[in-house]
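Notes for the one structure printed next.
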Amino acid sequence: MAPRTDPEPLLPHKARLETSYAFSHTFNPRNLEFLWYPLWCQTLFDLVASVPNLIVAPQFPVWIIRHHNNKHEDANDGDDPEEIEGEEQHNEPEEGDYEDGAGDISFASTVPEKKAEGILVDFAILSLRAVPQPKEKLRYGRWQITGASVCLLVELKRFVSRSLKDDELDVKILAHVQEARSDLVKQAGYLFIKDKTKNSVMAIAAAGPFWSGATIHRDNIKLTMHVLSANDPSYQPPGEKFVDRCRNNNTEWGYTKMAPN
């Protein structure tokens with residue numbers, strides 16, 4: 001049998017620092033979620049570093065809007081916030097609030113239409129399709145983006161109380177991971193409503209440095225999609241009753257620790 005390998009030397013130096021930073025009682029006395037973002041940013045950027053067309057999008061917005069056309073943008077499109085005249089800015093609604101006419105989701109801009117509602121995904125990995133535009137202005141990168149597809153959704157929850165140990169610790173971690181999983185099912189539902197050709201998306205549910213991965217399939221969350229689409233006047237209810245088949249037990253997802261304490 002090969003000798004057991006200590007995982008810590010295999011972790012990038014920055015990942016070890018970021019983990020210690022988030023666990024620190026001095027710098028994170030309230031055990032807040034956002035101090036785990038550096039670790040996950042670093043990990044996801046490292047994951048796609050060698051793949052040119054994959055990018056990490058933190059706080060990725062999924063806007064639900066009344067109308068959205070899919071015309072291609074050009075370099076002269078005035079979509080900067082300061083260029084939008086007469087538009088009121090609104091705070092994001094709480095999750096669970098849906099607007100009549102929901103069912104069209106825009107990934108085209110981080111500035112939503114007036115009265116748009118939506119949610120933010122903690123992190124998304126996007127696959128971009130592009131064609132070169134050598135005559136384009138340099139500030140636009142000289143590429144025209146022709147497609148952007150979500151490959152991976154990541155939902156992060158804060159770590160549990162650092163005083164917990166053994167079985168009690170495991171129970172609380174799994175509860176936080178389960179909360180993240182529930183959010184991911186809703187997020188995947190939005191993606192599948194928007195893109196009728198998309199049949200699955202990878203997902204990571206995390207609580208601090210602990211994470212759980214799975215692939216969410218369209219056929220397994222039809223009930224969720226039905227609920228999300230119910231307020232759309234053009235939506236036709238299915239002729240059968242759907243039951244989500246994403247299991248709620250812990251054996252399907254489980255969890256893995258990213259880094260040591």
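What the sequence shown shows, in full-length UniProt numbering, is residues 1 to 261, in sequence order.
No residue lacks a Cβ here, since even glycine has one placed at the ideal position from N, Cα and C.
Stretch pair the region 179 to 186 + the region 9 to 25: three plus CB contacts closer than 8 Å | Flag = no, the region 179 to 186 and the region 9 to 25 do not touch.
Residue of 216, 41, 55 and 208 minimising C-alpha distance to residue 129 | For residue 129, the closest alpha carbon among the candidates 216, 41, 55 and 208 is that of 55.
Taking contact to mean at least 3 C-beta pairs separated by less than 8 Å, is the region 193 to 207 in contact with the region 169 to 184?
-> Between the region 193 to 207 and the region 169 to 184 there are three or more C-beta pairs closer than 8 Å, enough to call the two in contact.
Thinking C-alpha only, which one of 151, 149, 155 and 226 is nearest residue 211?
-> In this structure, 155 is the residue among 151, 149, 155 and 226 with its C-alpha nearest to the C-alpha of residue 211.
Cβ atoms of residue 224 and residue 244: under 7 Å apart, would you say?
-> By the CB criterion at 7 Å, residue 244 and residue 224 fall inside the cutoff.
Where do the N-terminal and C-terminal ends of the alpha helix (DSSP H) with residue 229 fall, by residue?
-> Unbroken alpha helix (DSSP H) run through residue 229: 222 to 229.
Would you report the Cα separation of residue 142 and residue 38, rounded to the nearest angstrom?
-> Rounded to the nearest angstrom, the gap between the Cα atoms of residue 142 and residue 38 is 30 Å.
Backbone CA spacing between residue 47 and residue 229 [nearest angstrom] = Their backbone Cα atoms lie some 34 Å apart in a straight line.
Which of helix, strand or coil DSSP assigns to residue 155 | In the displayed model, residue 155 falls within a strand according to three-state DSSP.
Under the three-state DSSP convention, the category residue 122 falls into = The answer is strand: DSSP assigns residue 122 an E or B state.
Outcome for residue 171 when other beta-carbon atoms lying within 10 angstroms are tallied against a minimum of 16 = Exposed is the call here.
Nearest residue (CA-CA) to residue 40, options 27, 50 and 22 | Nearest in C-alpha terms to residue 40, of all of 27, 50 and 22, is 22.
With distances taken Cα to Cα, identify the nearest neighbour of residue 126 among 159, 58, 135 and 24.
-> Closest option to residue 126, Cα to Cα, is 58.
Among 124, 216, 209 and 121, which one has its Cα closest to the Cα of residue 192?
-> Answer by Cα proximity: 216.
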